[in-house]
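Residues 4 to 192, numbered by our numbering, are exactly what the sequence shown covers, in order.
C-beta: ideal position from N, C-alpha, C; glycine also.
Data block below; observations after.
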Amino acid sequence: MKCKFLILMIALLLMQSNIYAQRKDNTSSDKIISSQKNDDEKMFKYLNLSEEQIVKMQAIRKNGKANWKVLKDVPEAQNSLVLNMATTQDSIDNLLSPIQKVKMRKFEMKENYTSGLKQKINLSQNQEEQIESICEQSFDKQQTIINSSSTSDEDIKQQIGKLNTETSDKIAKLLTVKQKRQLETGKEN
Numbered sequence: 004m005k006c007k008f009l010i011l012m013i014a015l016l017l018m019q020s021n022i023y024a025q026r027k028d029n030t031s032s033d034k035i036i037s038s039q040k041n042d043d044e045k046m047f048k049y050l051n052l053s054e055e056q057i058v059k060m061q062a063i064r065k066n067g068k069a070n071w072k073v074l075k076d077v078p079e080a081q082n083s084l085v086l087n088m089a090t091t092q093d094s095i096d097n098l099l100s101p102i103q104k105v106k107m108r109k110f111e112m113k114e115n116y117t118s119g120l121k122q123k124i125n126l127s128q129n130q131e132e133q134i135e136s137i138c139e140q141s142f143d144k145q146q147t148i149i150n151s152s153s154t155s156d157e158d159i160k161q162q163i164g165k166l167n168t169e170t171s172d173k174i175a176k177l178l179t180v181k182q183k184r185q186l187e188t189g190k191e192n
């Protein structure tokens with residue numbers, strides 16, 4: 004029973020990161036706007052951005068962040084806030100090649116999942132790298148499922164659900180007993 008609960012928790016984290024990586028809404032934009040410098044450098048390298056793309060992306064993000072600071076506390080400006088975030092995301096997407104766009108979604112998914120897990124438990128560098136690799140493989144398989152033209156929406160949902168369970172199971176096997184206990188209880192032991 005405990006094992007099923009643990010796999011369910013990991014699956015929920017994974018689903019959140021999948022949803023997060025595929026959405027083009029305020030959550031994804033907020034992640035992009037609020038990224039820190041070392042995360043930026045990691046992302047720029049992962050996406051293999053040109054110097055020109057980096058400069059333009061930083062300018063777009065700086066502008067988006069400035070607008071966000073002005074609008075975030077104004078109740079009547081919530082629609083403008085969402086529009087600002089969507090515009091920021093669209094502007095960034097327009098800078099990227101189709102391959103870079105997919106790589107960015109993959110990067111967001113694995114970074115979001117790993118950081119979500121790290122908020123709950125301490126991961127070793129090796130565990131973190133293995134989890135990121137598992138997330139990347141899962142993302143690639145998910146894209147194959149989504150892009151399959153002969154598959155119905157219901158089949159896609161079922162296949163992605165099965166994939167999430169398999170991915171969660173692989174990640175659970177990487178965790179120590181202590182980490183699993185921390186994840187189950189939400190407390191450090």
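Pick out whichever of the options has its Cα sitting closest to the Cα of residue i.
{"i": "Asp172", "options": "Ser141, Ser152, Lys160", "result": "Ser141"}
{"i": "Gln92", "options": "Glu55, Glu139, Lys68", "result": "Lys68"}
{"i": "Lys167", "options": "Asn150, Ile63, Tyr116, Glu111", "result": "For clarity, residue 167 is Asn in the given sequence; the question names Lys instead. Nearest of Asn150, Ile63, Tyr116, Glu111 to Asn167, Cα basis: Tyr116."}
{"i": "Leu50", "options": "Leu99, Ser155, Glu157", "result": "Leu99"}
{"i": "Glu114", "options": "Glu139, Ser94, Asn129", "result": "Glu139"}
{"i": "Thr179", "options": "Arg64, Asn129, Glu157, Asn150", "result": "Asn129"}
{"i": "Thr170", "options": "Ser155, Lys181, Glu135", "result": "Glu135"}
Whose C-beta lies closer than 6 angstroms to the C-beta of residue i among residues of the same chain, with five residues either side of it excluded?
{"i": "Gln162", "result": "Ile148"}
{"i": "Ile57", "result": "Phe47"}
{"i": "Val77", "result": "none"}
Can you list, in chain order, the residues of its chain whose CB lies under 7 angstroms from that of residue i, leaving out five sequence neighbours each side?
{"i": "Asp96", "result": "Lys104"}
{"i": "Gln133", "result": "Leu177"}
{"i": "Lys144", "result": "Leu166"}
{"i": "Glu131", "result": "Thr117"}
{"i": "Leu86", "result": "none"}
{"i": "Lys137", "result": "Here residue 137 is Ile; the residue named in the question, Lys, does not match the sequence. Cβ within range, chain order: Thr170, Lys173, Ile174."}
{"i": "Lys75", "result": "Leu84"}
{"i": "Ala80", "result": "Leu74"}
How is the alpha helix (DSSP H) around residue i delimited, first residue to last?
{"i": "Glu187", "result": "180 to 188"}
{"i": "Asn66", "result": "54 to 74"}
{"i": "Glu212", "result": "No answer is possible for residue 212: it lies beyond the span of the chain, which begins at 4 and ends at 192."}
{"i": "Leu166", "result": "156 to 177"}
{"i": "Ile148", "result": "128 to 150"}
{"i": "Gly99", "result": "Per the sequence presented here, residue 99 reads as Leu, with Gly not at that position. Careful: Leu99 lies outside any alpha helix (DSSP H) and carries neither H nor E."}
Looking only at its own chain, which residues have a Cβ that is under 8 angstroms from the Cβ of residue i, when we skip the five neighbours before and after it?
{"i": "Pro101", "result": "none"}
{"i": "Glu54", "result": "none"}
Hey, is residue i close to the ligand ADP, as in C-beta under 7 angstroms from one of its heavy atoms?
{"i": "Lys173", "result": "In the structure on display, the ligand ADP does not appear, and there are no ligands present to speak of."}
Segment contact flag, the segment 42 to 49 with the segment 100 to 117, C-beta cutoff 8 angstroms, min 3 pairs
Yes, since at least three Cβ pairs between the segment 42 to 49 and the segment 100 to 117 fall closer than 8 angstroms, the two stretches touch.
Three Cβ pairs or more, each shorter than 8 angstroms: is that satisfied between the segment 117 to 136 and the segment 177 to 186?
Touching, yes, given that three or more Cβ pairs across the two stretches are closer than 8 angstroms.
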